[in-house]
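Student:
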Amino acid sequence: MSKEQNLLQSFNLKGLALKNRVIMAPMTRSRADNEAKKPMDMHATYYRQRASAGLIIAEGSQVSPRGVGYVNTPGIHSKEQVEGWKKVTEAVHEEGGKIFLQLWHVGRMSHPDFHNGEKPLAPSAINPNSQSYTPDGFKDTVTPKEMTREEIMLTIQEFKTAGKNAMDAGFDGVEIHSSNGYLIHQFFNNSSNQRTDDYGGSMENKAKFFFQIIDAVKVFVPEDRIGVRLNPSLHGIFGMEADEETIPTFEYIVNRLNDYNLAYLHLSEPFNDVSEYDFLVTNIAQHFRPIYNGNLMINAGFDQESGNRVIEEGHADLVAFGKLFISNPDLPIRFEKNAPLADWDEDTFYVPGEKGYTDYPTLEEETV
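FYI, in the working numbering the residues of the sequence shown are 1 to 368.
Written out as structure tokens, the structure is:
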């Protein structure tokens, strides 16, 4: 295959020139300094190696200490973290790459061990009955603390500040992590949000927190440099249970996103088999493409063939790849040459050190 592949065509992302449509999806890799929650020098090497992507979306980074839910994950709320991320953005830009930072708050998907014994924050006091990856290993989640209005307002401000910090660190933009069962997503679903105030109940109320965050972030980040990620058919994992209101709620949210001039909408196909549930959608890109007027990015389970096809069929503009980018740092080049793809090592996904992180060879290195 050659440059004629849809994935390898350049793309104008609201004025940001992408050399191809092969996007590196944001992936937690648990390599950050656990005390300062800052990126290490190996982060700069890791992302530099993958700068042939049309766009890198760097791993989820907490907007505040209250947003932490996993060990060795980076933040974007301190000066030290900003300085660490500067090394990453400089490395990617030196290679001609583009990079966004994903702004993250896990909400109830956390553990008191991360918060000096205090309960994690959430829309409602409902235990997700999942697990959190703590310094002492996986631990069962607890019933979280229902956020007060003051805590909601503070969290919105934390996202706003995180957006400013990301731009100060040299990122080309940010992605608001509003999926995968984390805090913003928790506001969307009835299984995690049973509030009776104006942040619960109706679709408009459940989406209010999300849109307030977008409005806050765009004070410091240009609207066309903000992406958002949604996972409409998440069910049975990450503590989330969908129902008959779930898809209509996401349809409302996606339609309302048309009022914004965002860089892109990043959607995930189902992570697991949800075909038995008639209230869920099994083909996310095809379902939401007619609803959203802007740039649509799709993720989850795509390979070279299906990635090219989803663009060819007009269901998406960009395709985000996760695991394939872990083991193939030069993924677009391999696509261009139709070269074999290296397998990833799941045992090294979330462990400290360079092994399984920066030691996957490029195609050129393999052929030397």
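Glycine residues also receive a C-beta, built at the ideal position from the N, C-alpha and C atoms. Since this is a predicted model, take the numbers as computed values, not measurements.
(1) Expressed to the nearest angstrom, what Euclidean distance is found between the alpha-carbon atoms of Y277 and A25?
(2) By Cβ distance below 7 Å, which residues in the same chain neighbour I152 in space, the five residues on each side in sequence not counted?
(3) Give a yes or no on whether the C-beta atoms belonging to K98 and D172 are separated by under 7 Å.
(4) Counting C-beta neighbours from all protein chains within 10 Å, is the total for V174 16 or more, i.e. buried, or is it exposed?
(5) Using the Cα positions of A91 and N205, report the straight-line distance between them to the nearest angstrom.
(6) Quick check on the DSSP output: the beta strand (DSSP E) that includes W104 runs from which residue to which?
(7) Kindly indicate the opening and closing residues of the alpha helix (DSSP H) around A44.
(8) Comparing C-alpha positions only, which one of Y46, A58, A122 sits nearest to H185?
(9) On the three-pair Cβ rule with 8 Å, is the region 53-61 touching the region 26-39?
(10) Are three or more beta carbon pairs between the region 303-310 and the region 267-282 nearer than 8 Å?
(11) Can you look up M240 in the DSSP assignment and give me helix, strand or coil?
(12) Please classify R50 as buried or exposed, where buried requires at least 16 neighbouring CB atoms within 10 angstroms.
(13) Please state whether the Cβ-Cβ distance between N299 and N231 is less than 7 Å.
(14) Which of the three DSSP states is assigned to R229 in this structure?
(15) Among L16, G353, Y133, E365, which one has its Cα closest to the Cα of Y46?
(16) Suppose contacts are defined by Cβ-Cβ distances below 7 Å. Is V369 in contact with A285 by that definition?
(17) Which word fits D224, buried or exposed, when buried means at least 16 other C-beta atoms lie within 10 angstroms of its C-beta?
(18) Can you round the beta-carbon distance between M27 and G322 to whole angstroms, since I take them to be within the 8 Å contact cut?
(19) Name the DSSP bridge partner or partners of D140?
(20) DSSP three-state call for E276: helix, strand or coil?
(21) Are there 16 or more other CB atoms within 10 angstroms of the CB of V219, so buried, or fewer, so exposed?
(22) I need the straight-line Cα distance from A53 to F187, nearest angstrom please.
(23) My assumption, with CB atoms under 8 Å, is that P144 sits in contact with K119. Please give the rounded CB distance.
(24) What ranges does the beta strand (DSSP E) occupy inside the region 162-195, keeping only unbroken runs of at least 3 residues that lie completely in it?
(25) So, is E158 buried or exposed, given that buried needs 16 or more other C-beta atoms within 10 angstroms?
(26) Using the three-state DSSP reduction, which class does H93 fall into: helix, strand or coil?
(27) Can you give me the Cβ contacts of Y357 inside the same chain, cut-off strictly under 8 Å, excluding the 5 residues immediately before and after it?
(28) Name the DSSP bridge partner or partners of A216?
(29) Is G69 closer than 7 Å to S110 when the C-beta atoms are compared?
(30) Could you name the residues of the same chain whose beta carbon sits closer than 6 Å to that of Y264, not counting the 5 residues immediately before and after it, in chain order?
(31) Who are the near neighbours of D113 in its chain, counting only those whose CB is closer than 6 Å to its CB and skipping five residues on each side?
(32) For the candidate residues R289, L331, K337, whose alpha-carbon lies nearest to that of G314?
(33) Between Q102 and H177, how many whole angstroms is the CB-CB distance? I'm expecting something under 8 Å.
(34) Quick check on this structure: which residue in N189, E269, T282 has the alpha carbon closest to the alpha carbon of T246?
(35) Taking C-beta to C-beta, are A339 and S327 nearer than 7 Å?
Tutor: So, from the listed chains and residues:
(1) Y277 and A25 have their alpha carbons spaced roughly 27 Å apart.
(2) In chain order, Y199, F209 place their CB closer than 7 Å to the CB of I152, counting only its own chain and leaving out the 5 sequence neighbours on each side.
(3) Taking 7 Å as the Cβ cut-off, K98 and D172 qualify as a contacting pair.
(4) The residue in question, V174, is buried, as its Cβ has 16 or more Cβ neighbours within 10 Å.
(5) A91 and N205 have their C-alpha atoms spaced approximately 41 Å apart.
(6) For W104, the enclosing beta strand (DSSP E) has its first and last residue at 99-104.
(7) Element bounds for A44: 41-49.
(8) Looking from the CA of H185, the closest CA among Y46, A58, A122 belongs to A122.
(9) With a cut-off of 8 Å, the region 26-39 and the region 53-61 count as touching, because enough Cβ pairs lie within range.
(10) No: fewer than three Cβ pairs fall under 8 Å.
(11) Note: M240 maps to coil in three-state DSSP.
(12) By the neighbour-count criterion, in which a residue is buried when 16 or more other Cβ atoms sit within 10 angstroms of its Cβ, R50 is buried.
(13) Contact flag unset, no.
(14) Note: R229 maps to strand in three-state DSSP.
(15) For Y46, the closest alpha carbon among the candidates L16, G353, Y133, E365 is that of G353.
(16) Residue 369 lies beyond the range of the chain shown here (1 to 368); nothing can be said about it.
(17) In summary, D224 is buried, with 16 or more beta-carbon neighbours lying within 10 Å of its beta-carbon over all protein chains present.
(18) About 5 Å separates the beta carbons of M27 and G322, which is inside the 8 Å limit, making them a contact pair.
(19) DSSP output for D140 lists Q131 as bridge partner(s).
(20) Three-state result, E276: coil.
(21) V219 is exposed by the Cβ-count criterion.
(22) Approximately 32 Å between the Cα atoms of the pair.
(23) Contact holds; Cβ gap of about 5 Å.
(24) With a minimum length of 3 residues, the continuous beta strand (DSSP E) runs that stay inside the region 162-195 are 173-177.
(25) With 16 or more other CB atoms across the displayed protein chains lying within 10 angstroms of its CB, E158 is buried.
(26) Of the three classes helix, strand and coil, the one that applies to H93 here is helix, per DSSP.
(27) Excluding sequence neighbours, Y357 sits near R29, R31, M42, Y46, T348.
(28) For A216, DSSP records no beta bridge to any residue.
(29) Yes, the pair counts as a contact, with Cβ atoms nearer than the cut-off.
(30) Scanning its chain for C-beta atoms nearer than 6 Å, with the 5 sequence neighbours on each side dropped, one finds around Y264 the residues G227, N295, M297, in chain order.
(31) These residues qualify, in order along the chain: T134.
(32) Ranking R289, L331, K337 by Cα distance to G314 puts R289 first.
(33) For Q102 against H177, the beta-carbon gap comes to about 5 Å, under 8 Å, which counts as contact.
(34) Ranking the options by Cα distance to T246, first place goes to N189.
(35) No, the Cβ-Cβ distance between A339 and S327 is not below 7 Å.
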